[in-house]
Structure formats: structure tokens, C-alpha cells
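Before any comments, here is the structure.
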Amino acid sequence: MIQQRIIRMLLHSLSVLLGVLAVLVQAQDQSGFISIDCGLPPNSSYTEPTIGINYISDAKFINTGVSIRLSPSERSNLQQQLWHVRSFPNGVRNCYRIIVTSGNKYLIRATFYYGNYDGLNQVPQFDLHLGVNPWDTVKFPNASLSSYTEIIQYVSLDYIHLCLVNTGRGTPFISTIELRTLKNDTYDTESGSLARLRRYDLGSTTGLTYRYKDDAYDRIWVPLPFNLWTQVSTSLLSNDDLAQNHYKPPAVVMSTAATPINASAPFEFYWDPDNVDTQYKVFMHFNEVQKLKPNESRSFNITLNGNFWFGPLVPLYQTTNTIYNPLTLTGATRYLFSLFKTETSTLPPIINAVEIYIVKDMSQSETEQDDVDAITNIKKAYGVDKNWDGDPCAPVAYIWEGLNCSFDGNNLPRITSLNLASSGLTGQIASDISKLSMLQFLDLSNNSLSGPVPDFLTQLQSLKVLKLGNNNLTGSVPTGLVDRSKEGSLSLSVGQNPNLCASASCNQVNQQTDDKNTKKKKNIVIPVVASVAGIFVLIVIVAAAIICGLKKRKPRAAVNVHVETNTPIESQLESKKRQYSYDDLVKITNNFERVLGRGGFGPVYHGFIDDIQVAVKMLSQSSVQGYQQFVAEVKLLMRVHHRNLTSLIGYCNEASSVGLIYDYMAKGNLHEHLSGKHSMAKLLTWEDRLRIAVDSAQGLEYLHNGCKPPIIHRDVKCTNILLNENFQAKLADFGLSKSLPTDGSTHVTATIAGTPGYLDPEFTVSNRLTEKSDVYSFGVVILEIITGQPAILKTQDDEKIHISQWVSSMLSNGDIRNIVDSKLRGDFDNNSVWKAVEIGMACVSITSAKRPNMSDVVTELKECLAAELDRNRTNHYTENSDSIEMATVSLTTEFGPQAR
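With mature numbering (1 follows the signal peptide of the UniProt record, and there is no 0) applied, the sequence shown covers -27 to -1, 1 to 873.
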């Protein structure tokens, strides 16, 4: 009996342990998932039993709307995440704010199931926005069907807004919101985002729809049977059996394929766009599902509207090939893809799955981030109960009540007017108002505000109207505001504050009182000093001991600098990012355990924020110039955001410790890989090098053309091109960067700064800094990428020679292979390399007028990459490589297959 109890206890413990392990494994599988059940009661969560996804309540992501549970009859045949809805009967725009990881690419899905939740049996129609940009119009064929929409979006901020907009055709509602992290090197577009039109499992033999856990990214694959094609299949594969690429289509989908019934006929499918200007991207997935006999072969070409598109394609057995084109499709009234078997092929063409997307323009500018953070904090401080959801200024139709904004087209929208009159405000005047630096009109009248009128209001140089009347403010109005009111540059209204004095005499009386107090203190101090003198020696000893102790704190050495500026250090380092304390940095870096390197500002340490790796740059004891560069880098990174520029995550600004927290770039810098000096240096292929060149060129082009005013980097070099785990390149180190003047000048006069070998020779003579100075530096980088040589080489005679001179001398022999890095072993497209050399040499022209601009450089490098990709496609199927770029498609119309 005792033995049986022991056995039962052991079995129970084992089952509990297995259950815990299952939960842990499941949680690990969903580490990149955010799954929100809209309308689920607060603090609730569950695991949906049929798909195994963990859902949480939406309560912490939104403050508006009504939670409703569907009737039992409606819930009976539904998955659990559709049992609730959140309905929005009030307000025109209601927005979710969801925290994400900036710099990541997400698949974002919103699902809607009406289920007659409101008893009206009348389905609504409404709009869905992502941030300030329209995403989709939500429609329903009938009340019993669900609808979902998906978009693939690169996220540059640490949050997204998902907004439901009432267009007067019924009350908006939503059932679920799901975000799935994708690899950044998948689903690429030249611009915009990708909205799903169709995702088909073409070879389905079961008629089932597949998603997670079959699909690691939880994409939904819909079967598409058709009477003019048949299916071929293999024994069911697992994801481990199938050699996957980065797109990872599920093995259950790739285990089957479609092929024409007539083996000699082509396999065809088409769609007709609603608008010929719509842009499309197509991703086709192939896997050979049959073990071919020695006398069998399968190869085919693909055409688009009768024009050659790709081929010959030879699907590899149990290996996923994904084909897409980096350019979008547009301008046609029909897109007809045809797969023709080649003359030597004994078997007809096959295809396993296809994804069709519409390229969406999501370029409408959001409000300047500092303004967003400030007004959000003001909303929290005062508990503002208005339509303050989503972006404050954009779109213009949904601007927050009580705000006005500037929209000049070239810059981000800025808040220029804040009217919170008669809003029931209490407490003191919120300090975040001072961060609305473009504010011209501020009305806080007719509230119950208390405390003094703060000095920070004098910092609002654009302020023209200030209304503070009918509150409980005390003390005196700052002199700066009174003076501006007398000058006529500020309309000041402070009446009906019984304990507030608004005249200059108040400030004079206060000053006299302060002077008297100061004299009294001096009279007390004189005798006290004599009595304390005996202890002075002891204080000195204690102070010395403290200073010695501080010196032992590794990076926390005192920074003793003088900065010539009227702006306090705190405001220079103010950021929309999170501020960290020094103790936080100690924890993040595990007491500064691992040094990644050392830059001009000080050491760089490895660390973790939660599970995210970061790099922490500490400012060491340095010159004034070093500190100024440090601040300059912060200022720039607070206002520029691009996938090919390093991102600022946070900062520490304490008296003796200043540090910045950045994205961790796992693969180091480009120089380390070209030279082989990285501890895990990769032999970069020619394709790798071109992708890195395109990435970094795009980052530089953004600084020149995407920023107003344009920004000149001034220190472009291989060590300042960082690589993440996917070898995506990001431009770094902006301490020397300069903005061009806003007076229309095309250059700025600057002292010579930068790195020898990369410095523009024209700039070193004239001190006239232009964008072409960066172009010269980038030309040197291109030549280093091609040759694997440093910017300054040593000849056999131990003389130093610039890389451009060396390349020029080698070109005179006409053999490109003497120039290209020997480590590539000739594995490159000759035309691609020749073109890259021409670009690099044009960039390093002695005269800046002969150099291309960065937009031209980006275009030319992309052409180099396209040529190399074409070569790789030809070799791909005999070398068992990973995936191939090929074509694009849409996401909104019906998809009609046919086989002839």
C-alpha cells in the first residue's frame, strides 16, 4: 500500500514536472509573440487549447472601449480568443499602445469576429490605422464570418499605435491583436510595408488551414484546391527534416506541391488588381517532394505576363527555396505567372506555396517624439479625459482636442498650442510643458492649479500667449515673463490668483529678502568657522579616503569638464528614451564585466536589459572636445531614426557618470571582418559585402537627404560600420557630425576632424564641409570592401600609399582580379565588381564636383547587388544555397488560378 502511494506520488510529480517543462518550452517557442485577447477581463490570461498560443488581456494597452463577451451559442464553435470583443461606441479614433522592440520587423495581425455581439445583427464597416497611416478598411461579407488583416512592418520606435476609426458605418470593434517577430532580412521592400493579400498552401491534400505550431512565425496558410492541377506529396516532414531558409514556411505545407494535370502544360496563376498603380510583391516557396529516379529530372522557367522572370529552376529535395524580386510589380491590369518545364525536364513544374502582398505607403510623419513624450506625460500628470489617443497631431483629422500643430511638410509635426482651460486640473504646473519647445499658445486658466509659476516657462522662446488666470497659484510671476509682457512679445494673463503677484516689484522685494537672509547667514558663519577649524584636518582625511574609494569604481571616474553652452547638461541629454541610474548600469553590465572595445569617449561594455543584449558606452575622464562629441552624438540620435543607423536605447547622466546604451551589434564592425581580426570573423562573400555597402550607403543617404537640415557624418570608415547578428550594417559614431546651415548654404566652415585616409582632401584645404566630404570617405570604404586592403597601405619599399592610388595603378593593367580581395577566390560577378570599382573611384575624385551624391551611390550599389544575385541564382541549385530573391505582388483582390 505504501509502495503504491509512493509510486502514485512519483507519477504525479513526474506529470507536474512534464507539464511545467511543456509550459516552459511553449513559452520559449513564443518568445517573439505578443498575443492579445481584446475584451478579456483585466489580469486574465490563458492558453488556447487548439493552437497552444498564450493570450493576455488587452486592458493594459488601452483605456477606452467596452468589453463584451459573446453569447454561449456564438462561442460554441469558436476558438477561445474570439469569445470576447472590445467595442468602441464613443470617440472617432481609439488607439492601442503596444510596447515592442525598436529595430525589429513584425507581422501584425488584427482579427474581427462580429458574432452579433451588440444584438443589432448588422455588421459595421470601419478603418484601421497603424500609427498615423491608414492600414485597411474592415468589412464583413456577413455577420457569421470572421475577418483578419495582416501587415509586415519594420518598427523604428519602442511602441506601436493600432487605431480603430469610426467612419460613420457602425461601431468599430476588435477581437484579437497578434504580433510576431520576423527576421529583418526577410520580406524586404525598397520602401513601405507589406499588407497580406493572399497566402496559399497550393499543394494541400487535407483542406486544412495551418498556423502555429506548424509555422514558427504563426502565419496563416490557407489551402487553395483547383480542378486543373493535382497534388504531389512526400511522407509528412517535420521542420527538422526540411532544410529551411529564413522564411521558414512550415514543413506540413512544404510536404505537398501542386502540378498541372496535363504534364506538358504550364502551371499558371494570375490576379487582377483593383488599381493599376497598386504595387505588389510575390514570394514563391519551392521544395522537391519526390525522390527523383536517375532517369528523371524537373526543371522549369517562370514568366510574368509572357516575359522571362526566372529560371531554370531546379527544386532541391527536402530543401526550401524562396524566390522573390527586390523590385515591386506595378502598372499592369493582370499579373499572370506561368511555370514552363524546360526541354530537358522529364517532369512538369511544381510549386508548394505562394505569398502575395501589397506594398503600403506608411510614410506619413508622426509627431516629433519629444513632443509626444511630453504631452503623454502631461496627460498622465493631469489625468486628462479627452480624445487623447494615438498620435497627438496626425492625421490632421484626428488631432487631439485642445492642440494645434505645425505641418510644414519638411519637418515632423510639432505641437504649437495647448489649451487645457476649464479642464479640472489640480496640482502644480507640469514640468513637461517646458519640453514643448515650439509652443506658442498655452492656456491653463479656470482650473485649480496651485504652487508657483515655474521659471521653466521663460524657456519657451516661441510662447506668444500665456493664460494662467483663475487658479490658486502663489508667489510671483518670473521676471522673464513680466519683461516679455512689457515688451509686447508675450500676452500674459494671470488674474484671479489671489496669492500671486505679477508686478516687477514683487521680484525686487523677494530679492531684498534673499539678500537680508544671506547677510544673516554670513554673520552666523564667521564665529562658527573659528570653532570648526579644529575639525578641518579630520574632514580632509575623511574626504581623501572617500576620493580614493571613488577612484576604485571602474568607469565612474569624475568627469571634470567645462562646456560653453547656455543649456544645462541635463537638458542636453534629455531623451525620449528611458533614463537609467549608474546602479542600473552596474546591473546591466554585471559590474562592467565584459569589455567590447574602447572608443574615443571611453570603454564600451556588454550588457543585458531583460533578455535583450545591449552595448553600454561610458564617458571616461577626457577633454572638453570628447565630452562635446559625446553630447553631439546624443542630440543627433534623439532626432534621427533609420534601420541603417545605430539606435539609442537609453542613457545615464549622473554627476560623475555619463553613459549611453545602444543596440548590441553582435558581429562587431566591418573592419574586423575584412581584416580577419574579429574573434568570430566571417569570410564575407561578395554578396555579403555588397549588402553591407548598400545598408551603410542607405544610412548615409538618409542623413544627407532624409534629415532637415542635412547632417554630415564626418567620420565614415569601416570601424564605424557595425554589423548585427544577421550582418545587417548600421552606421555608428556621430560625435563629429555637423548639420548644414538652415540659411540655404550648401556647406559649413569647420575645423579639420576625422580619420587619416578617409578625409576629403578638398576639405582639408578649404575647410568647407559638404555632403561630398562624406561621399569621399564612403568611396574609401567601398574600395576597402572590394580589396580587403586598409585605407593607407604600405608598399614593398615600406612607403605609405592611399588605397585609391593603389587601385588606380592596378586598374592600368586591366585585370580586375588583381584588385579584388584574394580571400574571395574569384567567386564574384566580374561586371558587378567592375561597377563597384567605378563607383568607389568616382567617390574618391579629388574634386568634389565630380563625385556622385549618396542617392546615386545607393542606386548604383543596388545594381551591383542585383548582378551578383543573378549570378547566384544561376549557381544556386547546384550549390544547395539558402534562398533567392525574385518577384513581388499584391494583397487585396481575388486570386484566380488556372492550368492550360
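All residues carry an ideal CB built from backbone N, CA and C; glycine is no exception. Computed from a predicted model, the values in this text were never measured in an experiment.
- Contact between Ala347 and Leu409 holds, with the beta-carbon distance rounding to 5 Å and staying under 8 Å.
- Under a 10 Å Cβ-count criterion, Phe259 is classified as buried, with 16 or more other Cβ atoms of the shown protein chains found around its own Cβ.
- The shortest CA-to-CA distance from Gly284 to any of Asn278, Leu277, Ser129 and Phe273 is the one to Phe273.
- In the DSSP assignment, His579 falls within the unbroken beta strand (DSSP E) covering Pro576 to Ile582.
- Looking only at Leu312, Ser593, Thr295 and Tyr253, the smallest Cα-Cα distance to Phe281 is reached by Leu312.
- Counting the other Cβ atoms within 10 Å of the Cβ of Leu656 gives fewer than 16, which makes it exposed.
- For Leu610 and Ile685, the gap between their C-alpha atoms comes out near 13 Å.
- A contact between stretches requires three or more CB pairs, one per stretch, nearer than 8 Å, and the segment 330 to 346 meets this requirement with the segment 101 to 118.
- Counting every other CB atom within 10 Å of its CB across the protein chains shown gives Lys650 a total below 16, marking it as exposed.
- Here Thr110 is bridged, per DSSP, to Asp100.
- CA-CA distance, Gly708 to Ala216, rounds to 44 Å.
- Below 8 Å, enough C-beta pairs join the segment 116 to 126 and the segment 84 to 104 to call them touching: three or more.
- Following the DSSP letters along the chain, one finds Gln586 inside the beta strand (DSSP E) bounded by residues Ile585 to Met591.
- The DSSP-derived three-state label of Ala238 is coil.
- Taking 8 Å as the cut-off, the Cβ atoms of Tyr79 and Thr154 count as close.
- Taking a cut-off of 8 Å for Cβ pairs, the segment 763 to 774 and the segment 834 to 846 do not touch, as fewer than three such pairs fall below it.
- The beta carbon of Thr182 sits closer than 6 Å to those of Val195, all from its chain and outside the five residues before and after it, given in chain order.
- Counting along the chain, the unbroken alpha helix (DSSP H) around Asn804 starts and ends at Asn803 to Cys816.
- Excluding the 5 residues flanking it on each side, Arg48 has same chain C-beta neighbours closer than 7 Å at Trp56, in chain order.
- Below 8 Å, enough C-beta pairs join the segment 660 to 669 and the segment 690 to 709 to call them touching: three or more.
- Under DSSP, no beta-bridge partner is assigned to Gly799.
- Ile561 and Val65 have their C-alpha atoms some 43 Å from each other.
- Residue state for Trp244 is assigned as strand, using DSSP reduced to three classes.
- The residue from Gly76, Met227 and Phe146 with its alpha-carbon nearest to that of Pro97 is Phe146.
- Look at Gln53 here: in three-state DSSP terms it is helix.
- Look at Lys314 here: in three-state DSSP terms it is strand.
- Taking one beta carbon from each stretch, the segment 618 to 637 and the segment 586 to 595 have 3 or more pairs nearer than 8 Å; the two touch.
- The DSSP-derived three-state label of Thr144 is coil.
- The beta-bridge partner set that DSSP reports for Thr452 is empty.
- Rounded to whole angstroms, the Cβ separation of Ala370 and Pro386 is 13 Å, and the two are not in contact under 8 Å.
- Around the CB of Leu643, 16 or more other CB atoms lie within 10 Å, so the residue is classed as buried.
- Cβ-Cβ distances below 7 Å link Arg824 to Lys745, Val748, Tyr749, Ala815, Cys816 and Ser818 in the same chain, with the five nearest sequence neighbours on each side left out; the list follows chain order.
- Restricted to the segment 249 to 308, the beta strand (DSSP E) segments that are unbroken, complete and at least 3 residues in length are 253 to 259, 273 to 277, 280 to 286 and 294 to 297, listed in chain order.
- If the five residues before and after Lys808 are omitted, its C-beta is found closer than 8 Å to the C-beta atoms of Glu833, Glu836, Cys837 and Ala840, all from its own chain and listed in chain order.
- For Gly570, the closest alpha carbon among the candidates Leu695, Pro734 and Leu673 is that of Leu695.
- In the three-state DSSP reduction, Asp343 falls in the helix class (H, G or I).
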